[in-house]
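In my numbering, the protein residues as written are 995 to 1356.
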């Protein structure tokens, strides 16, 4: 990788776009699923920052004098790749700082660059946690542990590109974690049959003793109107997974990163399952590039992630409140498109057929 000269260093963000990665994006599989392309990859480290998993069980870095964060220095192919990276890091703040690449002796033994005496630094972009964090919080036992597969993705990516093994062992693999959850133990989001049910059906449900309750069906247009009625702050967040409409009950999304992600990527929009599949990479789940490739296993995995990441981790109230009504193919979408992507693509995987199946091709 060519190093920038002093007279062009200030212009580097426009000429050569470098990104310093320390989380799961160091893994080739993660970058592939997120559609991020890089030209060059090199081991490097960042001075006066500290890695922590104490903030929601995710990899974050905060400024701390005397600490180092090791990772990968990547040369991005375009501004679009940087924007894709930021899209998957909601709640973090983009930063720009000198990163020190590893140096290698003639005998191929790695020597770490020393910012005081050697190795030309490279100005690189990265993301850091936006709020101030106290040392006492960072040094306390982690309240929300990271997932096992999350740490494995980071360790595998760093190992592949020669990041210091002692750092990987001490900072990544020594972190307490939540064991993997097998498909047969996937959890489901509770059902709310009454929230969106027509008044007549609510009355019938109170007097019925035989028929099993069912979720009401609404059109994609009605779903969008429901989202538009919510206040800008403190309202409900609605999103679609497969043919189901989910509701996150009133929560301050500024304080709940998971709810903020669903509000940005799902509220009033089509099925967000594929985007979540790309965001939370699980090597045990087959890769999908399109929504129509997702199987019952994928959707069950997504629902389990909602339980773990939103209900259990942040104690949010989440329920399934409706099913998406299949619309006529000739019916126009309010914004000029035909009916919901969900109704077109996931019909073959009915909710009633997928429970209990762990076969990706079922």
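By construction, the Cβ of each residue, glycine as well, lies at the ideal position given by its N, Cα and C atoms.
- Here residue 1089 is bridged, per DSSP, to 1120.
- For residue 1172, the CB contacts under 6 Å within the same chain, skipping 5 residues up- and downstream, are 1139 and 1141 in chain order.
- If you check the CB distance, residue 1275 and residue 1024 come in under 9 Å.
- In the structure shown, residue 1146 adopts helical secondary structure according to DSSP, grouped into three states.
- Per DSSP, residue 1077 is one residue of the alpha helix (DSSP H) stretching across 1073-1081.
- Residue 1188 sits away from residue 1241, with the two beta carbons spaced by 9 Å or more.
- In the three-state DSSP reduction, residue 1057 falls in the strand class (E or B).
- Per DSSP, residue 1217 is one residue of the alpha helix (DSSP H) stretching across 1214-1222.
- Beta-bridge partners assigned by DSSP to residue 1233: 1240.
- Residue environment for residue 1152: buried (at least 16 other C-beta atoms within 10 angstroms of its C-beta).
- Scanning 1038, 1299, 1054 and 1048 for the CA closest to the CA of residue 1179 turns up 1299.
- Note that the stretch 1091-1100 does not touch the stretch 1068-1076; fewer than 3 beta-carbon pairs, one per stretch, sit closer than 8 Å.
- Annotated three-state conformation of residue 1179 is helix, per DSSP.
- Here residue 1235 has 1267 and 1296 as same chain residues with Cβ atoms under 6 Å from its own Cβ, once five neighbours each way along the sequence are excluded.
- Within a 10 Å sphere around the beta-carbon of residue 1271 sit 16 or more other beta-carbons, which makes this residue buried.
- For residue 1037, the enclosing beta strand (DSSP E) starts and ends at 1032-1046.
- Around the beta-carbon of residue 1159, fewer than 16 other beta-carbon atoms lie within 10 Å, marking it exposed.
- The beta carbon of residue 1155 sits closer than 8 Å to those of 1020, 1035, 1036, 1037 and 1066, all from its chain and outside the five residues before and after it, given in chain order.
- A distance below 6 Å between beta-carbons, with the five flanking residues on each side excluded, links residue 1087 to the following residues of its chain, in chain order: 1122 and 1124.
- Classified as buried, residue 1293 has 16 or more neighbouring CB atoms from the shown chains inside 10 Å of its CB.
- Look at residue 1167 here: in three-state DSSP terms it is helix.
- If you look at residue 1318, you'll find it in the beta strand (DSSP E) that goes 1312-1318.
- The C-beta distance from residue 1042 to residue 1058 rounds to 7 Å, short enough to meet the 8 Å contact threshold.
- Beyond the five residues adjoining it in sequence on each side, residue 1126 comes within less than 6 Å, by CB distance, of no other residue in the same chain.
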